[in-house]
Every structure is written in structure tokens, then in C-alpha cells.
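*Asks:*
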Amino acid sequence: MTSSVDQPTVALPGEVAMPLVGFGTWQATGRAGYEAVRAALEAGYRHIDTATAYGNEDEVGRALRDSGVPREEVFLTTKLPPEHAGHERRTLAASLAALGTDYVDLWLIHWPPQRGGGLDVWREFLAVRTEGLARAVGVSNYGTTQLDVLIQATEEPPAVNQIRWGPTLYDPDRLAENRQRGVALEGYSPFKTTDLNHPVLVDIARAHDVTTSQVVLRWHVDHGVVVIPKSVTADRIRANFDVFGFSLDEDELRRIDALAG
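Quick note on numbering that gives the first Met the number 0: the sequence shown kicks off at 0 and runs consecutively.
#1: How big is the Cα-Cα spacing for Glu41 and Thr192?
#2: Shortest alpha-carbon distance to Arg178 belongs to which of Gly223, Thr211, Arg217 and Pro198?
#3: Terminal residues of the continuous alpha helix (DSSP H) containing His207?
#4: Please classify Asp172 as buried or exposed, where buried requires at least 16 other C-beta atoms within 10 Å of its C-beta.
#5: So, at 8 angstroms on beta carbons, what are the nonlocal neighbours of Pro156 in its own chain, with the 5 sequence-adjacent residues on each side left out?
#6: What is the residue span of the beta strand (DSSP E) that Arg45 lies within?
#7: Who are Phe22's beta bridge partners in DSSP?
#8: Starting from Ile255, trace the alpha helix (DSSP H) both ways and give me its first and last residue.
#9: Checking 8 angstroms against the spacing of the C-beta atoms, do Val120 and Ala92 come in under that value?
#10: Kindly list the residues whose CB is nearer than 7 angstroms to the CB of Pro80, restricted to its own chain and excluding five residues on each side of it in sequence; keep chain order.
#11: When the distance is taken between beta carbons, is Leu216 closer than 8 angstroms to Val242?
#12: For a test of the three-state rule: what should DSSP assign to Tyr187, helix, strand or coil?
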């Protein structure tokens with residue numbers, strides 16, 4: 000098992016360390032969701048991503064408690080649905096109760112609310128962070144202009160912007176824009192837009208004696224982009240975490256970057 004101290008992290012404000020490889024739980028509900036989170040924690044994941052909209056915070060919280068892994072060793076993310084704007088504290092209180100914890104490590108605005116990019120919501124998020132209910136706060140599915148609305152009004156950049164990301168979506172300008180603003184990029188659905196049989200990925204995987212899925216995940220890590228692969232299959236859960244025994248060189252990274260065309 001890879002321990003939490005062996006995992007690469009990205010530094011967030013407030014001396015918060017976010018593991019670069021996390022476990023996504025979208026559509027992982029019921030007994031299968033519970034077992035998937037247990038398998039992930041047993042494999043060594045110390046970063047679990049959920050959301051109010053996923054309807055599985057109970058399962059995630061129970062799996063964490065039953066795992067025996069100390070709460071403080073796990074980076075736990077949940078998200079506020081945009082339709083809950085104006086009810087932030089009630090929603091977070093329900094999330095904390097379901098997860099069985101006094102705080103989350105990261106709370107995200109799941110999608111930009113329709114009006115103003117969620118500026119009122121963002122101010123409430125900052126207050127919640129100050130109170131210690133969330134160690135860090137951020138957003139999901141925000142464009143650069145929407146980030147700037149929040150930053151210009153509050154001088155507080157989101158710690159994280161979680162967006163759909165993968166080799167064919169690689170956008171160095173967007174990555175740079177987030178980083179220039181002090182926002183860590185986190186990618187979800189790393190395989191959904193990726194042809195895992197692409198000759199470039201197959202060639203690089205063969206060179207490292209790994210799978211093409213592992214190459215895609217390592218590509219995120221070597222770019223310093225947080226990634227949250229999701230599976231409910233124990234073998235795949237373990238394989239998705241087994242990406243710390245190799246790294247990609249500059250040429251390999253450039254070849255994968257070029258898949259974005």
C-alpha cells in the first residue's frame with residue numbers, strides 16, 4: 000500500500016495539501032459505491048471526491064469510518080449544487096451530517112449559478128472557510144472570465160477549479176490562466192474523451208510496461224494537474240492508483256499533449 004506521505008500533492012492556501020490522485024465517486028451509489036470507496040482507501044487513496052448531487056455522501060462517510068483510516072489522513076471533497084445558492088449553510092450541514100465529519104477539506108461550487116457566476120455564493124464559501132467548516136474552497140466547471148468575477152470582487156481566488164480534462168482536452172492556455180490566478184486545476188472524467196487505444200498511448204504504455212489508462216493518469220500527475228479517476232471495480236481501482244512507479248519524460252508529455260490537436 001502506498002501511504003499518504005508517499006503521494007505527490009499540490010499546495011492549496013492555508014497549508015492544505017491536496018493529493019494529486021484522488022478517487023471519484025460520481026454514479027457510485029448504494030452497496031457498490033460503499034465497496035468502491037472501501038477498496039480505494041485500502042489501495043492507498045487518501046483523496047475522495049463526492050458531491051451533494053451524487054446522492055452518495057452517506058456511503059462515502061460510512062466507508063471512511065469503516066475503513067479505519069483516520070479522518071485527518073483523508074482529503075475529502077464535496078460540492079454545492081448551483082440550485083442550492085442561497086442555502087449554502089443548510090446544504091453543507093446536511094453534507095457534513097451525511098459524511099459524518101465536522102469539516103470537509105474542500106468545498107466546491109459544483110457549477111456556476113446563473114446569475115453573476117455565484118458571487119454571493121462565493122462570499123458565503125469564504126465565510127465558511129474562515130469558520131473552519133471547509134479547509135479550502137473552490138469551484139467546478141468555471142471558465143477564466145467567471146473566475147475573474149470572483150477574484151476581482153473579493154481578491155480571493157478559488158483554491159481549485161475542477162473541470163473536465165484529459166489528453167484530447169489539453170489546453171495549455173487555460174492551465175496557465177488558472178495557475179496565474181493561483182487556482183489549482185483538477186481534472187475529472189480523464190478517460191471519457193480519451194481513445195485508450197491511440198497508438199501514441201499504446202507505444203508509451205509499452206515502453207513503461209503499464210496500461211494506457213495509467214499513462215493518462217501519470218500525464219496528469221506530471222503536469223501537476225489533480226485527477227480523480229472513478230471505478231467500482233476493485234482491480235481497476237487499484238490499477239488507477241498504481242501510477243507512482245514511473246514518470247513520463249518531456250518528449251512523451253509533448254506527444255500526449257499533441258493529442259489535443
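Ideal Cβ placement from N, Cα and C applies to all residues, glycine included.
*Replies:* The short version:
#1: 28 angstroms
#2: Gly223
#3: Pro198 to His207
#4: exposed
#5: Leu146, Leu149, Ile150, Arg180, Gly181 and Val182
#6: Taken as a continuous stretch (DSSP letters only), Arg45 belongs to no beta strand (DSSP E), as it is neither H nor E.
#7: Ile47
#8: Glu249 to Asp256
#9: no
#10: Thr51, Ala52 and His109
#11: yes
#12: strand
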